[in-house]
Every structure is written in structure tokens, then in C-alpha cells.
Amino acid sequence: MSATADRVARAALCRLGEPGDPRLTGLVAEVGAPLVHDRLLIETDERGLASDVAQRLSALDPVSDLRRAAERGIRFVVPGDEEWPARLGDLDRAEPLAGRGGAPLGLWVRGPLHLAETVERAVAVVGSRSATSYGGGVAGEIGATLAKQGHTVVSGAAFGIDQSAHRGALAMRGPTVAVLACGVDRAYPSAHRQLLDYIADTGLVVSELAPGCAPTKLRFLSRNRIIAALCGGTVVVEAAIRSGALNTASWALRLNRTLMGVPGPVTSAPSAGVHQLIRARDALLVTNGEEVLELVAPAGEHTLVEPRGPERPHDRLSLLDQQVLDAVPVEQAAPPVSIARTAGIALPRVRDALARLVAAGLVENGADERHRLRRGD
Numbered sequence: 096m097s098a099t100a101d102r103v104a105r106a107a108l109c110r111l112g113e114p115g116d117p118r119l120t121g122l123v124a125e126v127g128a129p130l131v132h133d134r135l136l137i138e139t140d141e142r143g144l145a146s147d148v149a150q151r152l153s154a155l156d157p158v159s160d161l162r163r164a165a166e167r168g169i170r171f172v173v174p175g176d177e178e179w180p181a182r183l184g185d186l187d188r189a190e191p192l193a194g195r196g197g198a199p200l201g202l203w204v205r206g207p208l209h210l211a212e213t214v215e216r217a218v219a220v221v222g223s224r225s226a227t228s229y230g231g232g233v234a235g236e237i238g239a240t241l242a243k244q245g246h247t248v249v250s251g252a253a254f255g256i257d258q259s260a261h262r263g264a265l266a267m268r269g270p271t272v273a274v275l276a277c278g279v280d281r282a283y284p285s286a287h288r289q290l291l292d293y294i295a296d297t298g299l300v301v302s303e304l305a306p307g308c309a310p311t312k313l314r315f316l317s318r319n320r321i322i323a324a325l326c327g328g329t330v331v332v333e334a335a336i337r338s339g340a341l342n343t344a345s346w347a348l349r350l351n352r353t354l355m356g357v358p359g360p361v362t363s364a365p366s367a368g369v370h371q372l373i374r375a376r377d378a379l380l381v382t383n384g385e386e387v388l389e390l391v392a393p394a395g396e397h398t399l400v401e402p403r404g405p406e407r408p409h410d411r412l413s414l415l416d417q418q419v420l421d422a423v424p425v426e427q428a429a430p431p432v433s434i435a436r437t438a439g440i441a442l443p444r445v446r447d448a449l450a451r452l453v454a455a456g457l458v459e460n461g462a463d464e465r466h467r468l469r470r471g472d
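If you read the sequence shown in the numbering used here, its first letter stands for residue 96, the second for the next number, and so on.
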């Protein structure tokens, strides 16, 4: 089997059926694209005539498709190519989801970057199309932080969270990949034509659908598995209970990828799906890009210091000194014997503790050895 024959067969088959049809992807993974193509081409119906599939397949011209795509700066990347991301092979080993499954027959790619190298350190950032300003802001910050640290941001170029994540990465002049549910020569949504053109100029626009193909609901579900498979981790920023982003999250779990969720207000419907992921312990809670980096970067490369409030002089006191300090009056100074009585501690130990507290600047030692808390403490 020649590499050219395999590429041509895959280009034809990707137009024949819906993307992610596990029957077709499974056959191709088992016996190869040329053999599947040739067998379907001679398939007959009960009357001995060419089947509907054979007729449709014979009407295709994959060689011309590949030539026209190349003329428009679009390449067709297939398994065996240097550009093919090895992670996509995990899809052939995962159980289908919602009737979709298997590695794509190939990916149509538009843009100057090397696909496999670009997604080597990739993180998907997905979520609601009707994002809140809170969600959009968080997605943008995560995208920018990932890009600044050399990670690629992958999303679907949709309204809401997707566009915010892409724009965050672009603001840092970092790489970003848009995975579409239509041909890479189409702008969907149309309002994002300028965004997609810019991504194609500086990053990559990718689809398993041939140029010219239109988006459908099923194709978005198929697209989601590609987003999850290309990345080492997926962040869901906002997603309602029935959000399509939860389908991407399910694929991330199926593929043993790191799944992260950004919490929103507990009363927020756009975050209800994310909250369920976190509650079920399917997703790790993250609140910013730094926390995402800690989870997706190699062990020890991006470790965060646990956040804590500013240290106060009281924090390092021993239990004894803390007990004595609590017994020192605020306004009216008192002698050590009175402080010892209040603290319930022997007088010699209280005197020693008071000396340490005075040295630490926490207690004032006035006339007649009377003590009170230092002003302002």
C-alpha cells in the first residue's frame, strides 16, 4: 500500500460518511483505508446493482479534492505523516460515545504550524456559548496564562468561552488551534471569520470534515472528541446541565486526560454542569491559569505555593505564649500575678512568657511591672 493510495482513499471516505462513525473508523483501523474503499466501491444491492454507497463513492474525486485544497493552502494530514498527533490513536481504543468514536480518517489543516509539535503541550479550554462576563474573563485569563508558558490553547472557535480562550492565547502571541465542525475553509459562526482567518495565519484551523462541508449537530459531537484527544487536559469554564462542553468533558474522561472545572456562583445556571463534574469528582477544581498549569505541566515543573494570608507576629508563638498573650489586658495594665491568675498558669512561667512577648513587641511593660497589649495589636 502506497502512502498516496492511503491518503486518496481516506480523502474519499471522509466525504462518504459522517465523521466519527465507529463502523467506518473501526474498519479502517482494522484493514486499512484502501481496502475499505475498494470493497465499498464494488458493493452491490440485492438486485446485483451498485449499492447506494458504491454509487456515491464512485462519484467522488478525492484527487481533485486534494489538489484544490492544496491550492488554497489546506493540507490533509493522515496517520503515518510526521504531522499526525500520536494522541489521536487513543480514540481507536476508547469506547464510542453518543454514536461517535474512533480516530479521524484524516485531518484537514489550515495554518503555518506543525500540527503534532503544536499540540504536544496542548490544553483544551471549552464551555458555554452564552458565557457570562465572569466566564469569559476567566477563560481569557487561562488562555493567556497557558500561552505565556508555551502551552497551546485548543478550542472550537464558538461564541462565548471558546472565543475568549482563543483571544487570550492570541493576546500573548501564543499558539492556538481551532477545531471546527465544518470545513476549514468555512467560517462558523460567520461572525468569527476574522478570528478564524487570524488563527489560520498564526496558528492552526483543523477539521476532519473536507473543505466545503457544513456544520450539523452531530458534527459538533464528533468534533468534541478531536478536541479532547489532541490535548493533555481539558478545562471546562462554564457549562449548563445540557451543555455540549460536557460531551467534550466525557471524551476527556474516556481518554484518561486531566479534566478540570472552573466553579461559578452556586446559583449560576451556566455553571451547573461544571459543578456537577466537580461534585462527582470527575473534574479537578481550578480557578485560574496557574492552577491549570500545575496540573498539566510535567511533575515539579510548575508547582504552586499554597496560598495563605500574610504572616503576623502572633503566628509563630508557642501555645504557652499565646495563652499568656490572651490573658494580657487591652486597656488597663495588670501585674504578672493578675495575668497568671487569668491565664491559669504558674507565675514564674508567666514572667518568662511576658519577657518574650515584650521582646517581640506584642506587650508593653509599664511602671511597677504592669503589662498590657501594645497599642495597635
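All residues carry an ideal CB built from backbone N, CA and C; glycine is no exception. Every value quoted in this text rests on a predicted model; they were computed, and no experiment measured them.
Inter-residue CB distance, residue i and residue j (contact presumed, cutoff 8 Å)
i	j	result
G251	A286	Between A286 and G251 the Cβ distance is about 14 Å, and since that is not below 8 Å, they are no contact.
G263	G238	3 Å
L135	L152	6 Å
P284	F254	6 Å
A219	V249	5 Å
P443	R465	Not quite, the Cβ-Cβ distance comes to about 18 Å (not below 8 Å), so this is no contact.
L325	A217	6 Å
L161	A106	6 Å
V425	V331	Not confirmed; about 50 Å, so no contact.
T343	N319	4 Å
T240	V214	18 Å between Cβ atoms; not a contact.
A435	A428	With a Cβ gap of about 15 Å, A435 and A428 do not count as contacting.
A124	E177	Rounded, the Cβ-Cβ distance is 20 Å, inconsistent with contact.
Residue i versus residue j - alpha carbon distance
i	j	result
I169	A276	16 Å
S159	G368	44 Å
L350	E190	9 Å
A378	T329	9 Å
A323	R224	18 Å
A165	L399	45 Å
R281	K243	29 Å
L414	D463	27 Å
R374	G327	22 Å
E138	I256	45 Å
V445	E401	35 Å
G461	E333	60 Å
L291	S146	39 Å
S366	N383	16 Å
G201	P405	54 Å
G127	G175	12 Å
S363	L304	35 Å
R182	V103	23 Å
A347	K312	20 Å
L111	V148	8 Å
Q289	H409	57 Å
L380	P270	25 Å
G245	L155	41 Å
V357	Q371	11 Å
V204	I336	32 Å
G184	L265	29 Å
I321	L412	55 Å
A394	E385	14 Å
P114	R403	49 Å
G307	G278	5 Å
R469	S433	18 Å
D101	V361	51 Å
I294	V300	7 Å
A260	R376	24 Å
E389	E236	15 Å
Backbone secondary structure at residue i - three-state DSSP
i	result
T271	strand
I169	strand
L108	helix
V103	helix
G230	helix
R467	strand
G235	helix
A98	helix
G121	helix
E136	The sequence shown places Leu at residue 136, rather than the Glu named in the question. Looking at L136 - three-state DSSP - the assignment turns out to be helix.
S153	helix
L186	helix
R162	helix
L325	helix
S250	strand
L241	helix
A334	coil
L192	strand
Residue i CB to nearest heavy atom of the ligand HEM below 6 Å
i	result
R470	The model on display carries no ligand, and the ligand HEM is accordingly not part of it.
Segment contact flag, the region 227-239 with the region 194-201, C-beta cutoff 8 Å, min 3 pairs = These segments do not touch.
At which residue ranges does the region 406-460 contain complete alpha helix (DSSP H) runs of 4 or more residues, listed in the order of the chain?
-> 414-422, 431-438, 442-454
Going along the chain, which unbroken runs of the beta strand (DSSP E) with 3 or more residues stay wholly within the region 336-396?
-> 353-356
For the 8 Å Cβ check, are there 3 or more pairs between the region 452-468 and the region 409-426?
-> yes
Can you list, in chain order, the stretches of the alpha helix (DSSP H) that have 4 or more residues and sit fully within the region 197-226?
-> 210-213
Sequence ranges, alpha helix (DSSP H) only - wholly within the region 262-323, length at least 4 = 288-297
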